[in-house]
Amino acid sequence: MDWLALSPQEWDAVRLSLLVSFWATIASLPFGIAVAWLLARVSFPGKALVNGLVHLPLVLPPVVTGYVLLLLFGRRGPIGAFLEETFGIVIAFRWTGAALACAVMGFPLMVRAIRLAIEAVDPRLEAAAGTLGAGRVATFLVVTLPLILPGIIAGMILCFAKAMGEFGATITFVSNIPGQTQTLPSAIYTFTQVPGGEAGALRLTLVSVAIAFGALLVSELLARRAQARVGIA
Amino acid sequence: MSEDHAPTLEIALGHTLGAFALDVAFASDAGVTALFGPSGSGKTTVVNAIAGLVRPQAGLVRIGGETLTDTKAGVVVPPHRRRIGVVFQDARLFPHLSVRANLLFGRWFAPRSAPRPALEPVVELLGIGHLLRRRPGGLSGGERQRVAIGRALLSSPRLLVMDEPLASLDDARKQEILPYLERLRDEARVPIVYVSHSRAEVTRLAGTVVLMREGRIVGRGTPGEMLARDATRGTAPARSAERARRLGRWAAPSQALKTTRPASERS
């Protein structure tokens, strides 16, 4: 069974992938909720454009998304240069860049799940909360948010899963540096490119399957709990 | 009461929605004022305008002398600052909260200065003590509506507006709730605007009846007078404004309305 033991480099890839996916999910959550709410409840000029922009990474080749990120957030890109000059933050070729790429790729999935949940909330309940003295923010926090919790959990799991599997945009934007930006998929890809790498590729594949399965189980459990609380189940 | 005592509720609304034109003005005071008329006569729009859920195209809503809506002055106080309890036809309980949390919902947001009605008397008044730990999902229609009434009462409203609270219930459930509504009228000190198209409910509960037809008020008086007048008019719902115009006699009571005095002047 020795062949099942992960090498330090493989452990790095697993750890990095979890770190990147975790932060990609957590950091995009507030934006995901805000955008989902805007798309579900507010009509404003340019809504179709915002909607298209959010969903673009879903239909573009991931390599294209990665390259656009490189153009924008690279050290010479407009946003990248600004971030470096003003805050000293560099994200190109760092794990934070991998997290950004994964967040952008997972964002449409997250927004979609949360938006559907918001659309399912009866606005008349929110109106009732208003007559009981709750302002708009309070109503959102006390009525809307608890009611869309199952959708938020589903959106987070989808985003996390997408981030765990993200390859094209990540490798284009932040490359494939072991210990820095080499996530699980990049590591598996690297193993398949070198002679004798089959064992490593297989080990990491098993880890991938295990993590994906675990995420599914956890999401199922959380969603059931949330639905029981909301009183749907 | 002094002569210049402001009526509990003064309202004047002009609102056009497609072919439907709403043009009403009335005042009400303590006790139960029923807004009575067939469906489609604009009662719910009046409720929504009182509660602040609809911004009327033109209108004035005042409670105890305080202006809540005045479109001419550009004043529209948002619903959560009005302190008007609303009981909707479809209860609208929060499904994720227990009955108890639903009841106390308004208390979390009531201003500090507002009186805080105690939970127990309201629970006792409505007979919902055994439901407190349940979730709304498992309640019957009648139970839900009683909880909704309690929830509105506990938000310490200045006025309670009930929009067809029994309309979605079967007869047995109606009979189950009516006694609670009578107790509410007799024991709670909140003035009530009770919207209904049911003669039975209005006869049983109301002190004053405001008669509505086709978006207009066609009379105001005691339940006896108003229901008799309504009966002479026939029960067939006539919805088109055109038909209303042809039946010219309808215009007369609506003109008379403008001279109707608020009930407060009688006291």
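Residue numbers (the working numbering), protein chains in the order written: chain A, 35 to 267; chain B, 38 to 304. Don't be surprised by glycine CBs; every beta carbon is placed ideally from N, CA and C. Just so we're clear, the structure is a prediction, and the values are computed from it rather than from any experiment.
Residue i (DSSP reduced to helix, strand or coil)
i: Gly187/B; result: helix
i: Leu166/A; result: coil
i: Arg129/B; result: coil
i: Arg257/B; result: strand
i: Ser253/A; result: helix
i: Leu197/B; result: strand
i: Ser1/A; result: Any property of residue 1/A remains undetermined from this structure, which presents chain A solely from 35 to 267.
i: Thr173/A; result: helix
i: Ser242/A; result: helix
i: Gly114/A; result: helix
i: Leu156/B; result: helix
i: Gly231/A; result: coil
i: Leu176/B; result: coil
i: Leu46/B; result: strand
i: Phe78/A; result: coil
i: Ser233/B; result: strand
i: Trp45/A; result: helix
i: Ala62/B; result: strand
Nearest-angstrom Cα separation, counted from residue j out to residue i
i: His117/B; j: Lys196/A; result: 41 angstroms
i: Gln182/B; j: Val97/A; result: 57 angstroms
i: Pro269/A; j: Arg170/B; result: Nothing can be reported for residue 269/A: it is not among the residues displayed for chain A, which extend from 35 to 267.
i: Glu224/B; j: Ala262/A; result: 38 angstroms
i: Ala115/A; j: Phe107/A; result: 7 angstroms
i: Val112/B; j: Glu103/B; result: 11 angstroms
i: Val98/B; j: His133/B; result: 33 angstroms
i: Val48/A; j: Asn210/A; result: 14 angstroms
i: Ile216/A; j: Trp129/A; result: In the sequence under discussion, the amino acid at residue 216/A is Gln, which differs from the Ile named in the question. Taking the straight line joining both Cα atoms gives about 8 angstroms.
i: Thr224/A; j: Pro212/A; result: 10 angstroms
i: Leu264/B; j: Ala154/A; result: 42 angstroms
i: Thr120/A; j: Ile113/A; result: 10 angstroms
i: Thr106/B; j: Leu196/B; result: 15 angstroms
i: Phe56/A; j: Met198/A; result: 9 angstroms
Endpoints, beta strand (DSSP E) assigned at residue i
i: Ala56/B; result: Segment: none, Ala56/B is in no beta strand (DSSP E) and carries neither H nor E.
i: Arg106/B; result: Correcting the residue identity first, residue 106/B is Thr in this sequence and not Arg. Start and end: 103-107.
i: Gly100/A; result: Counting along the chain, Gly100/A falls outside any beta strand (DSSP E), though it belongs to the alpha helix (DSSP H) covering 96-107.
i: Gly285/A; result: Examination of residue 285/A is not possible in this model, given that chain A is present from 35 through 267 alone.
i: Ala71/B; result: 69-73
i: Gly96/B; result: 95-100
i: Leu248/B; result: 245-250
i: Val227/B; result: Where Val227/B is concerned, there is no enclosing beta strand (DSSP E), given that its DSSP letter is neither H nor E.
Partner residues on chain A for residue i, Cβ-Cβ distance less than 7 angstroms
i: His52/B; result: Under the 7 angstroms cutoff, chain A gives no residues; its nearest Cβ is about 18 angstroms from His52/B.
Closer than 9 angstroms at the beta carbon, the chain A residues around residue i
i: Gly122/B; result: Thr165, Leu166
i: Ser192/B; result: Thr165, Leu166, Gly167
i: Phe125/B; result: Arg158, Ala161, Ala162, Thr165
i: Ala88/B; result: Ala161, Gly164, Thr165
i: Ala155/B; result: Those within 9 angstroms of Ala155/B in chain A number zero; the least Cβ separation is about 17 angstroms.
i: Arg188/B; result: Ala162, Leu166
Span of the alpha helix (DSSP H) around residue i
i: Arg236/B; result: 236-242
i: Phe194/A; result: 179-199
i: Ile87/B; result: 80-88
i: Ile214/B; result: 208-224
i: Gly143/B; result: 136-146
i: Ile140/A; result: Inspection of the sequence shows that residue 140/A is occupied by Gly rather than by Ile. Where Gly140/A is concerned, the enclosing alpha helix (DSSP H) stretches over 129-154.
i: Val124/B; result: It is not in any alpha helix (DSSP H) - Val124/B instead sits in the beta strand (DSSP E) that spans 121-124.
CB-CB length for residue i against residue j, believed under 8 angstroms
i: Met249/B; j: Gly79/B; result: 6 angstroms
i: Pro75/B; j: Ala86/B; result: That belief does not hold up - the Cβ atoms of Pro75/B and Ala86/B are roughly 19 angstroms apart, past 8 angstroms.
Chain B contact residues for residue i, given Cβ-Cβ distances below 7 angstroms
i: Val177/A; result: Phe131
i: Arg263/A; result: His133
Contacts that residue i makes with chain A (C-beta to C-beta distance below 8 angstroms)
i: Leu140/B; result: Within chain A, no residue comes near Leu140/B; the closest Cβ sits about 10 angstroms away, beyond 8 angstroms.
Listed by chain order, chain B residues near residue i by CB distance under 9 angstroms
i: Ala172/A; result: His117, Trp145, Phe146
i: Pro180/A; result: Phe131, His133, Leu134
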